[in-house]
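Protein chains: 2
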Amino acid sequence: MQRTDFGDMACSIARTLDVMGEPWTPLVIRDVYVGINRFEQIQQDLGISRKVLTERLNHLVEHGVLERRPYDNRPRYEYHLTERGTELFDVLMVMVGWGDKWLAGTAGPPVLYRHHACGEVSSVDLRCAHCGEPMHATDIDVLPGPGAAA
Amino acid sequence: MQRTDFGDMACSIARTLDVMGEPWTPLVIRDVYVGINRFEQIQQDLGISRKVLTERLNHLVEHGVLERRPYDNRPRYEYHLTERGTELFDVLMVMVGWGDKWLAGTAGPPVLYRHHACGEVSSVDLRCAHCGEPMHATDIDVLPGPGAAA
DNA sequence: TCCTTGGAGTTCCTTGAAGAGACTCAAAGA
DNA sequence: TCTTTGAGTCTCTTCAAGGAACTCCAAGGA
C-alpha cells in the first residue's frame, strides 16, 4: 500500500480526510463553490494536472460531495456542490479564518466574506451548538463515543 | 516540481493547506492535542512511517504549530501545540462535526466532545463573529480583499 | 568497564502518486 | 470536410510514502 487509507480508522477526522484530504481537493471544492464549475475552467484556474483533476472530481462525486450535471446535448458537464459538499465547505471557511489571521501578513486577507444576515464583512467563530458559547480546543473534554473502536 | 507548493497562492485555504494539508499532518495534530506527545507514541498510534513523521513534525515546528520541549537530561523531546496550533485545531473540530454527521453510520461518533461552559456533549456550529447568527457557505458573499492578487 | 536498553531519529530501497504534455473522442459550426 | 472545443485518457519521468534496518546517545546495571 502506497498511501495509507484513512477511511477505516475510527476517527471522524481521518474519515473526513479520506474524502477531502488529498492534495488539491479542498481547492477544487473552493473553485466549485465560487462558480468555477467546469473541468477546463478548474484546470486552468488551479494549474492542476488534468489526470489528477479527473481523479479528484471522480472521488468527490463518488463520495457525494459534488454532482455532475450535463449542460449541453454534447457530452459536457458541470460540477456542483451537493448538500454534503456545501456543509463540507464549513471546513474551508475555518481554514480561511486561520489563514487570514496567521498567514496573510501585511497585505491582509485575499478574500472577504460578507454575511447576509448582518451585511457586515465578518469571519466565522466556533460556537457550541447547545449553549451558543464559544467552543474551541481548550473549551472541551474528549470522551469515547458509541462508535469508538473496541 | 513534484508536489505543487500552495504557500504562494493568494488564497488562505491554499496557505493553510501548505501548513497542514499534507497526508498525516492533521492526525499528528490530533494526537498531540489528545496528549500523545512523543515521537515513539505518535508513530505507534498512527502506524506512520518514521521518516514521514520526522518530516511532518519538523514542518509543523517550522510553521509554529508545534513546539519541541525537552523532558529529560537525555535528548528526549515532547511536542506541544502552540497558540497557533491550538487555533488550528478549530479546523479539525469542524472536520469532526462533518465526519460525525455524514460518515459515522449506525455506530455513531467514535468520539464525543463535552463543552466546559454548559457541561453538555455537543458539537460546533459556525457563527458570524459580528452578529452571532449562523454563517455557512450559503450565508455569505465572497468579495476581493486587500491581499487579493493583482 | 562493558553491555544493554530505550527514545529519537536516519538511511536505504521499492512502489506509486503527482506533474507535464501529447493524444483521443464526439458534436457543432464554418 | 475541416476545425474547434470541452472533457477527458495515455505515457513518461520524478519525487514522496511505506517499510524496515541502522545509528546515536545517555542512563542504568552487571
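Line by line, the protein sequences are chains A and B.
Residues 1 to 150, numbered by full-length UniProt numbering, are exactly what the first sequence covers, in order.
Residues 1 to 150, numbered by full-length UniProt numbering, are exactly what the second sequence covers, in order.
Glycine residues also receive a C-beta, built at the ideal position from the N, C-alpha and C atoms.
- Assignment of A:Tyr113 by DSSP, reduced to helix, strand and coil, places it in the strand class.
- For the pair of segments examined, the stretch 94 to 107 of chain B was found to touch the stretch 14 to 21 of chain A: the number of CB pairs separated by less than 8 Å reaches three.
- Taking the CA atoms as reference points, A:Pro70 sits about 33 Å from B:Pro134.
- A:Ala104 is classed as buried because its beta carbon has at least 16 other beta carbons within 10 Å across all chains shown.
- Only His130, Cys131, Gly132, Glu133, Pro134, Met135, His136, Ala137, Thr138, Asp139, Ile140, Asp141, Val142, Leu143, Pro144, Gly145, Pro146, Gly147, Ala148, Ala149 from the stretch 130 to 150 of chain A bring a Cβ to less than 9 Å from some Cβ of chain B.
- Close CB contacts of A:Thr25 within its chain, under the 6 Å cut and outside five residues either way in sequence, are with Arg56 (chain order).
- By the CB criterion at 8 Å, A:Ser122 and B:Ala129 fall inside the cutoff.
- Closer than 8 Å to the CB of A:Tyr77 there is not a single CB belonging to chain B.
- When only Cα atoms are considered, A:Cys118 and A:Asp125 end up about 15 Å apart.
- Classified as exposed, B:His116 has fewer than 16 neighbouring CB atoms from the shown chains inside 10 Å of its CB.
- Between the C-alpha atoms of B:Leu88 and B:Val65 there is a straight-line separation of about 8 Å.
- With a 10 Å radius around the Cβ and a threshold of 16 neighbouring Cβ atoms, B:Leu143 comes out exposed.
- Using a CB distance below 7 Å, no part of the stretch 51 to 83 of chain A faces chain B.
- Between A:Thr82 and A:Glu67, the C-beta spacing is below 8 Å.
- Per DSSP, B:Ile140 is not a residue of any alpha helix (DSSP H); the beta strand (DSSP E) it occupies stretches across 140 to 144.
- Put simply, the backbone Cα of A:Glu78 is about 45 Å away from that of B:Phe39.
- Separation of the CB atoms of B:Tyr33 and A:Ala137 is rounded to 6 Å, and the pair is thereby assigned contact status at 8 Å.
- Between B:Pro23 and A:Arg50 the beta-carbon gap is near 22 Å, outside 8 Å, which marks them as no contact.
- Closest in alpha carbon position to A:Asp31, among A:Leu46, A:Gly21, A:Met20, A:Val91, is A:Leu46.
- Straight-line spacing of the CA atoms in A:His59 and A:Ile29 works out to 12 Å.
- As summarised for the UniProt domain "HTH hxlR-type" (11 to 107) of chain B, the continuous alpha helix (DSSP H) elements at least 4 residues long and confined to that stretch are 12 to 20, 25 to 33, 39 to 46, 50 to 62, 83 to 102, given in chain order.
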